[in-house]
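So the structure is just underneath, and the comments pick up after that.
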């Protein structure tokens, strides 16, 4: 009996911890966004973060997209051959990249690159009293650290997704035309004809949502770190894990919202 | 005047402050001494609102520090943190001028840089070190940059958390003299935490001994040696024998 009670208590504790985390995170998100309409803003910090989150993520996003698009073309061609559907490679690459793989892979790459870096940076600032120093210098840490990063995520990740979609399609195009024998003009025409406005809109909306999640979680775990170097490591790990899971879950919800019939 | 009345603060089961009562008159220099982990830094953080006390009242010039305009309140303070707490992404002069490059006290960039270089000179650093990043400095130099940042905007009240730790004796003397000068010439109110007895005698008008979460003794530095308080006597003589248990 006591084992059963202990088991149920453990489940209860976990659920309560999860609810507590969701509550704290929701308050953190609300407070961050509230600073959008409460001056001062720090334009230099915002520009710096647009550059860090957006421009500096381009290489990893580009490489990920081009290889994924190429592999996707090969898979569709090989799989489609089983029922004589090799010709749909351009269409499936386009829809696959724009609706799903582009946003999800860019989101996960941003989680790996940006969430980890934000969490580690802010957590280090926390344990070395730099956050306290900001406060004593009359600067709100949410305004100076969190808001610029979250804004950068909201603005730059959709742009990265858009670029990733195009590069992914380009990867498929290169494999399709160089290896699989597709005609260049026909491949591009099929791609353009097949993509609809909703596909692009859903891709960019997902990008904005993933950018928000990735940057906000980095800031949240960084700000709430404890216990020195071990705490910094823990915060970074937790932030990336939470961002990856939440990005995939949000992707499912948004896909359902946009495309379920 | 800063006044703490029956301030309590616990972190989980660890009751750090257990009823701190302390009064620091305007324009005086108070030094808080006590063993490691007795809550000296927590006391300063409670006054600044970086940590919220569980109970008790903290007032500045008779007003509760938790009420009123927080920005205006913080603008009156400067603080030197124990580890310097410099911003890694900014150069030395940008750290010193953090307050003067943004917000209500914003100055033109060139003017702010000149102020930073002057403050750096006061703490024994040269203009060519102004463009370095904190990671390129030694621990002692970082401490001095932190000190320059604390005094850059010429605040009315300055907190120094271990200002001479990590400095050589000569530079410690320079920093002690500077803190004394800030209090005497600028009329600033200072609260300093230190374990350095030489520093304490050079800086303090008054001393408070914090032990077991309460102020065991407070009074003018001139009365410290004849206080008759066994805790204070053990601490200033550095004796292993006495009421303060030394963990061996």
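Protein chains in written order, with this note's numbering: chain A, -15 to 245; chain B, 674 to 921.
Backbone N, C-alpha and C fix where the C-beta goes; we use that ideal spot for every residue, glycine too.
Where residue i sits in the DSSP three-state scheme
i: residue 248 of chain A; result: Chain A is shown from -15 up to 245; residue 248 of chain A falls before or after that span and cannot be answered.
i: residue 893 of chain B; result: strand
i: residue 858 of chain B; result: helix
i: residue 61 of chain A; result: helix
i: residue 703 of chain B; result: strand
i: residue 639 of chain B; result: This structure gives no information on residue 639 of chain B, because the portion of chain B shown stretches from 674 to 921.
i: residue 736 of chain B; result: strand
i: residue 885 of chain B; result: coil
i: residue 727 of chain B; result: coil
i: residue 105 of chain A; result: helix
i: residue 696 of chain B; result: strand
i: residue 921 of chain B; result: Because residue 921 of chain B carries a pLDDT of 46, less than 50, the predicted location of this residue cannot be relied on, and the following value inherits that uncertainty. Looking at residue 921 of chain B - three-state DSSP - the assignment turns out to be coil, as it is neither helix nor strand.
i: residue 750 of chain B; result: strand
i: residue -3 of chain A; result: helix
i: residue 865 of chain B; result: strand
i: residue 675 of chain B; result: strand
i: residue 110 of chain A; result: helix
i: residue 790 of chain B; result: helix
i: residue 149 of chain A; result: helix
i: residue 197 of chain A; result: helix
i: residue 166 of chain A; result: coil
i: residue 682 of chain B; result: strand
i: residue 796 of chain B; result: coil
i: residue 68 of chain A; result: coil
i: residue 761 of chain B; result: coil
i: residue 879 of chain B; result: strand
i: residue 831 of chain B; result: strand
i: residue 775 of chain B; result: coil
i: residue 806 of chain B; result: coil
i: residue 225 of chain A; result: helix
i: residue 208 of chain A; result: coil
i: residue 86 of chain A; result: helix
i: residue 54 of chain A; result: helix
i: residue 912 of chain B; result: coil
i: residue 180 of chain A; result: coil
Amino acids of chain A, ordered along the chain, whose beta-carbon sits closer than 8 Å to that of residue i
i: residue 804 of chain B; result: Within 8 Å Cβ-Cβ: nothing; residue 804 of chain B doesn't reach chain A, min ~18 Å.
i: residue 750 of chain B; result: 120
i: residue 776 of chain B; result: 24, 122 and 123
i: residue 905 of chain B; result: Ordered by position in chain A, no residue passes the 8 Å Cβ test against residue 905 of chain B, which lies about 29 Å from the chain.
Interface partners of residue i on chain A, CB under 7 Å
i: residue 744 of chain B; result: 122
i: residue 725 of chain B; result: Simply none; closest approach about 13 Å.
i: residue 820 of chain B; result: The premise fails here: residue 820 of chain B is roughly 13 Å from chain A at the closest Cβ pair, so nothing lies under 7 Å.
Chain-ordered neighbours of residue i on chain B, where CB pairs are closer than 8 Å
i: residue -7 of chain A; result: Those within 8 Å of residue -7 of chain A in chain B number zero; the least Cβ separation is about 20 Å.
Proximity test, residue i beta-carbon vs the ligand FMN heavy atom, cut-off 7 Å
i: residue 725 of chain B; result: With respect to small molecules bound, the structure shown includes none, and the ligand FMN cannot be examined in it.
Neighbour list for residue i in chain A, Cβ cutoff strictly below 9 Å
i: residue 840 of chain B; result: In chain order: nothing, as chain A lies at least about 18 Å away.
i: residue 772 of chain B; result: 121, 122 and 123
i: residue 721 of chain B; result: 116, 119 and 120
i: residue 851 of chain B; result: Per Cβ cutoff of 9 Å: no residues; residue 851 of chain B is ~19 Å from chain A at best.
i: residue 798 of chain B; result: Those within 9 Å of residue 798 of chain B in chain A number zero; the least Cβ separation is about 18 Å.
i: residue 690 of chain B; result: Simply none; closest approach about 17 Å.
Rounded Cβ spacing between residue i and residue j (contact assumed at less than 8 Å)
i: residue 723 of chain B; j: residue 116 of chain A; result: 5 Å
i: residue 206 of chain A; j: residue 103 of chain A; result: 4 Å
i: residue 90 of chain A; j: residue 45 of chain A; result: 5 Å
i: residue 86 of chain A; j: residue 186 of chain A; result: The Cβ separation is near 10 Å, so there is no contact.
i: residue 756 of chain B; j: residue 886 of chain B; result: Not confirmed; about 24 Å, so no contact.
i: residue 717 of chain B; j: residue 834 of chain B; result: 6 Å
i: residue 855 of chain B; j: residue 708 of chain B; result: Not really, about 27 Å apart at Cβ, beyond 8 Å.
i: residue 764 of chain B; j: residue 803 of chain B; result: 7 Å
Going along the region 753 to 766 of chain B in order, which residues come within less than 9 Å of chain A, judged by CB to CB distance? Residues 754, 755, 756, 757, 758, 759, 760, 761 and 762.
Does the pairing of the region 118 to 129 of chain A with the region 740 to 758 of chain B give three or more beta-carbon distances under 8 Å? Three or more beta-carbon pairs drawn from the region 118 to 129 of chain A and the region 740 to 758 of chain B are found closer than 8 Å, and the two stretches are therefore classed as touching.
Specify whether the region 99 to 108 of chain A and the region 797 to 817 of chain B touch according to this definition: at least 3 beta carbon pairs, one from each stretch, less than 8 Å apart. Contact check between the region 99 to 108 of chain A and the region 797 to 817 of chain B: fewer than three CB pairs, one atom from each, fall below 8 Å, which does not count as touching.
The region 867 to 886 of chain B contacting the region 703 to 722 of chain B, beta-carbon criterion three pairs below 8 Å: The region 867 to 886 of chain B and the region 703 to 722 of chain B touch, with no fewer than 3 CB-CB distances between them shorter than 8 Å.
Count the CB pairs spanning the region 779 to 796 of chain B and the region 816 to 830 of chain B that are closer than 8 Å, and state whether there are at least three. These segments touch.
Chain B contacts from the region 15 to 43 of chain A (Cβ-Cβ distance under 8 Å): Going along the region 15 to 43 of chain A in chain order, one finds 24 and 26 with a Cβ nearer than 8 Å to chain B.
Which of the residues in the region 207 to 226 of chain A, read from start to end, lie with their CB under 7 Å from any CB of chain B? Per Cβ criterion, the list is empty.
Which residues, taken in chain order from the region 108 to 119 of chain A, show a beta carbon closer than 9 Å to some beta carbon of chain B? If the cut-off is 9 Å between Cβ atoms, the region 108 to 119 of chain A has 108, 109, 112, 113, 114, 115, 116, 117, 118 and 119 near chain B.
Cβ contact (3+ pairs, closer than 8 Å) linking the region 686 to 694 of chain B and the region 210 to 230 of chain A: Because the criterion of three Cβ pairs below 8 Å is not met, the region 686 to 694 of chain B and the region 210 to 230 of chain A do not touch.
Three or more C-beta pairs below 8 Å linking the region 77 to 97 of chain A and the region 191 to 206 of chain A: Verdict: yes, contact present.
Contact list for the region 804 to 818 of chain B against chain A, Cβ threshold 8 Å: Listed by position along the chain: nothing, the set is empty.
Just checking, does the region 866 to 875 of chain B make contact with the region 823 to 843 of chain B on the three C-beta pairs under 8 Å criterion? With a cut-off of 8 Å, the region 823 to 843 of chain B and the region 866 to 875 of chain B count as touching, because enough Cβ pairs lie within range.
I want to know whether the region 139 to 159 of chain A touches the region 46 to 55 of chain A - three or more CB-CB distances under 8 Å. Short answer: they touch.
If you pair each beta-carbon of the region 165 to 179 of chain A with each one of the region 64 to 81 of chain A, do three or more pairs fall below 8 Å? Enough Cβ pairs lie closer than 8 Å, so yes.
Within 8 Å, do at least three Cβ pairs link the region 768 to 783 of chain B to the region 856 to 865 of chain B? Using a C-beta cut-off of 8 Å, the region 856 to 865 of chain B makes no contact with the region 768 to 783 of chain B, since fewer than three inter-stretch Cβ pairs fall below that distance.
When you compare the region 0 to 20 of chain A with the region 125 to 132 of chain A, are there three or more beta-carbon pairs, one atom per stretch, that lie closer than 8 Å? Per the Cβ contact rule, the region 0 to 20 of chain A is in contact with the region 125 to 132 of chain A (3 or more Cβ pairs under 8 Å).
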